[in-house]
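Below: the structure, in structure tokens.
Residue numbers (the numbering used here): 33 to 157.
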């Protein structure tokens, strides 16, 4: 008469846990990197939207606005957005907030875009 076991042995459970731990260790850094890139992409999209609103303001009023609130920045972002006017036009910047996870994106904490669509730093765009 054969005896059958319907449950898992402790050894099988431990092997499964080891495999899951290895996969998590390998996968988490990659996942975290993709999250940083996705949030950076959101900030870039928002900078481009702000640029379009700035150009729209210029078409309607004949000049660029110095008031960022007229451009309706996104308050729920991992970035703080700023607007500076200069002799040539303007520069929009997005700075990663120190209290957000995006601050770990060390090479791309500060993104900029000007009236000529010159974006910086180039490696982040």
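Ideal Cβ positions, reconstructed from N, Cα and C, are used throughout, including at glycine.
Quiz item: Name the DSSP beta bridge partners of residue 125, please?
Solution: Residue 125 pairs with 114, 144.
Quiz item: In this structure, what does DSSP give as the bridge partners for residue 152?
Solution: Answer is 144, bridged to residue 152.
Quiz item: Alpha carbon to alpha carbon, what distance is there between residue 41 and residue 77?
Solution: Cα to Cα, residue 77 sits roughly 52 Å from residue 41.
Practice problem: For residue 72, count neighbouring C-beta atoms within 10 Å of its own C-beta (all shown protein chains included) and say buried if the count is 16 or more, exposed if not. | Solution: Classification for residue 72: buried.
Exercise. Quick one: residues in its chain with C-beta nearer than 6 Å to the C-beta of residue 141, no 5 flanking neighbours on either side, listed in chain order?
Key: Closer than 6 Å at Cβ, skipping near neighbours: 128.
Quiz item: Are residue 111 and residue 147 touching if we call contact CB-CB under 8 Å?
Solution: It is not a contact, given that the beta carbons lie outside the stated cut-off.
Quiz item: Which word fits residue 84, buried or exposed, when buried means at least 16 other C-beta atoms lie within 10 angstroms of its C-beta?
Solution: By the C-beta density criterion, residue 84 is exposed, having fewer than 16 other C-beta atoms within 10 angstroms.
Practice problem: Check residue 48 in the structure and name its three-state DSSP category. | Solution: Helix.
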